[in-house]
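Below you'll find the structure, written out as structure tokens, and then a few comments.
There are 2 protein chains.
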Amino acid sequence: MSRKATNLTKKKIFEYCMKSFAENGYSNVGLRNISEGTKLSIGAIYYHFSSKEKIAQFLYDTAGRLILNEIKTAVENAADDREALKSIILVLFKLTEEDPYLMKYVLYTKHKDFLPKAQPICSTKPFEYIKKFIKAKIKEGVFEDMDVLIASSLIMGPIIRIIQLRMDNVLKGDIRLYAESLLDGISRSIFKKQI
Amino acid sequence: MSRKATNLTKKKIFEYCMKSFAENGYSNVGLRNISEGTKLSIGAIYYHFSSKEKIAQFLYDTAGRLILNEIKTAVENAADDREALKSIILVLFKLTEEDPYLMKYVLYTKHKDFLPKAQPICSTKPFEYIKKFIKAKIKEGVFEDMDVLIASSLIMGPIIRIIQLRMDNVLKGDIRLYAESLLDGISRSIFKKQI
DNA sequence: ATAATTATAAAGAACGTTCGTTTTGTTTTC
DNA sequence: GAAAACAAAACGAACGTTCTTTATAATTAT
Numbered sequence: 001m002s003r004k005a006t007n008l009t010k011k012k013i014f015e016y017c018m019k020s021f022a023e024n025g026y027s028n029v030g031l032r033n034i035s036e037g038t039k040l041s042i043g044a045i046y047y048h049f050s051s052k053e054k055i056a057q058f059l060y061d062t063a064g065r066l067i068l069n070e071i072k073t074a075v076e077n078a079a080d081d082r083e084a085l086k087s088i089i090l091v092l093f094k095l096t097e098e099d100p101y102l103m104k105y106v107l108y109t110k111h112k113d114f115l116p117k118a119q120p121i122c123s124t125k126p127f128e129y130i131k132k133f134i135k136a137k138i139k140e141g142v143f144e145d146m147d148v149l150i151a152s153s154l155i156m157g158p159i160i161r162i163i164q165l166r167m168d169n170v171l172k173g174d175i176r177l178y179a180e181s182l183l184d185g186i187s188r189s190i191f192k193k194q195i
Numbered sequence: 001m002s003r004k005a006t007n008l009t010k011k012k013i014f015e016y017c018m019k020s021f022a023e024n025g026y027s028n029v030g031l032r033n034i035s036e037g038t039k040l041s042i043g044a045i046y047y048h049f050s051s052k053e054k055i056a057q058f059l060y061d062t063a064g065r066l067i068l069n070e071i072k073t074a075v076e077n078a079a080d081d082r083e084a085l086k087s088i089i090l091v092l093f094k095l096t097e098e099d100p101y102l103m104k105y106v107l108y109t110k111h112k113d114f115l116p117k118a119q120p121i122c123s124t125k126p127f128e129y130i131k132k133f134i135k136a137k138i139k140e141g142v143f144e145d146m147d148v149l150i151a152s153s154l155i156m157g158p159i160i161r162i163i164q165l166r167m168d169n170v171l172k173g174d175i176r177l178y179a180e181s182l183l184d185g186i187s188r189s190i191f192k193k194q195i
């Protein structure tokens, strides 16, 4: 089956580039690096991707889609609002622990460097979805009444920061252990007080 | 005055590179770009900096020192703890508005890409200083008792996030207008409740 | 069913550019 | 006239991409 073989090599390119771009930066990874790392010829790589930029494009789209799906199902299956928030934290923390290169690629790579019409990370699909969720909760009166971007920053800011601390190896252990404590802090900052 | 002329051209290189690295990314800015942008020859640039990497190194150190000083004086002159926190926010927001390229360079540039033994942003001097401040406040019982890195994330995470939203032009206006609202949120998450 | 043909997949050398750096030379400044 | 400041050409290496060739698999014809 040639199709299967094709997909396998494409996956090999995908995985190596995700890892290498995340670790070394897009500009520091050349076609010859990719060729060595995947044990494929440059010709083979160009057979599957028409340019280096297309690889990055593909990584970006795939990563975005994956994260969005994970968050979506987590939020939709949550019992209440606090659980939904917890789910978001845990999904992102889980991805950080189990697929760190994906997370590094998404959060660290300056996509503007190679994607011509770059949408900043914060305008990407997963974050747009979360923003909508927050907007709804403010309208419902669950969250304190404030600018949605402030609320979004109060929620996502600390989460992303912890993830970065983990990726920079400042935090050495599994960050899922911090989820509850972080959730407490975030909750205090945005949930409306009970009277 | 030859020394003065030297410092002027060095400053010209400094300022153009700060702006250009921040906007286009270190790897996308070549010596020929710098030469054009500064109206200096490549030889002149190499007379002042022994390598391209040294320029980035110099920018990094200068920016770090500048931010640290601004934060230090702001915190030391604050009347109380809440004011200190507010000062940190306002100093960083002010820098974002008045020196956006410096802020972009510090927050966006992947320093690991060109600085061999890269210390992550979070371990940089200004952030270390803030971490110490937070640690003290936890010990004093001013902040809730929690892991210092969690507290640090709850404080710095939202601030940095707002700054990024501004730099990505998602937030269009002066972010200092959001300082109070952000401070409220952050305060709720970390200050110990009064009984 | 086997042979011929055609796509597909992969290899690797070669191309033209651009990169950071070096070298050599010229103009200033004291 | 010596040192400092700048200019500009040239260097080798590395870059992304293209081109030509070869092996393998799939399809068709006999």
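Going line by line, the protein sequences match chains A and B.
Per the working numbering, residue 1 is the first one in the first sequence, and the count goes up by one each step.
Per the working numbering, residue 1 is the first one in the second sequence, and the count goes up by one each step.
For each residue, glycine too, the CB sits at the ideal point set by N, CA and C.
Since the structure is predicted, the reported quantities are computational estimates derived from the model, not experimental observations.
Residue i in three-state terms, based on DSSP
i	result
F133 of chain B	helix
F114 of chain A	coil
F127 of chain A	helix
F49 of chain A	coil
Neighbour list for residue i in chain A, Cβ cutoff strictly below 8 Å
i	result
D113 of chain B	N24, G25, S27 and N28
Straight-line Cα distance separating residue j from residue i
i	j	result
R197 of chain B	S187 of chain B	Past the boundaries of the shown model lies residue 197 of chain B; chain B is included only from 1 to 195, so the question cannot be answered.
G43 of chain A	R65 of chain A	28 Å
T9 of chain A	K104 of chain B	37 Å
S87 of chain A	E76 of chain A	10 Å
T73 of chain A	F133 of chain B	39 Å
V91 of chain A	S41 of chain B	52 Å
S152 of chain A	E140 of chain B	30 Å
T38 of chain A	E53 of chain B	29 Å
I150 of chain B	Q57 of chain A	34 Å
D174 of chain B	R166 of chain B	8 Å
E144 of chain A	A79 of chain B	28 Å
N33 of chain B	V170 of chain A	36 Å
M1 of chain A	A63 of chain A	With a pLDDT of only 39 at M1 of chain A, under the threshold of 50, the placement of this residue in the model should not be trusted, and no figure is reported.
F191 of chain A	I13 of chain A	44 Å
I71 of chain B	I55 of chain B	24 Å
I160 of chain A	Q164 of chain B	12 Å
T96 of chain A	D168 of chain B	24 Å
Interface flag, residue i vs chain B, CB-CB below 8 Å
i	result
K110 of chain A	yes
S41 of chain A	no
R82 of chain A	no
G173 of chain A	no
Y47 of chain A	no
Neighbouring residues, chain B, relative to residue i (Cβ below 7 Å)
i	result
S181 of chain A	M146, D147 and I150
Amino acids of chain A, ordered along the chain, whose beta-carbon sits closer than 9 Å to that of residue i
i	result
R32 of chain B	Per Cβ cutoff of 9 Å: no residues; R32 of chain B is ~16 Å from chain A at best.
M156 of chain B	G157, P158 and R161
Min CB distance residue i to chain A below 8 Å
i	result
S189 of chain B	yes
I186 of chain B	yes
Y60 of chain B	no
Y101 of chain B	no
Y105 of chain B	no
K192 of chain B	no
Residues that residue i contacts on chain B, provided the C-beta gap is smaller than 8 Å
i	result
Y16 of chain A	Per Cβ cutoff of 8 Å: no residues; Y16 of chain A is ~18 Å from chain B at best.
Y129 of chain A	Within 8 Å Cβ-Cβ: nothing; Y129 of chain A doesn't reach chain B, min ~16 Å.
Any non-hydrogen atom of the ligand ATP within 7 Å of residue i CB
i	result
L102 of chain A	Absent from the structure shown: the ligand ATP. Ligands present: none.
(message) Please give the ranges of any beta strand (DSSP E) in the region 140-165 of chain B, keeping only runs that are unbroken, at least 3 residues long and fully inside the region.
(response) none
(message) For a minimum of 4 consecutive residues, which ranges assigned as the alpha helix (DSSP H) are wholly contained in the region 23-82 of chain A?
(response) 31-38, 42-48 and 52-76
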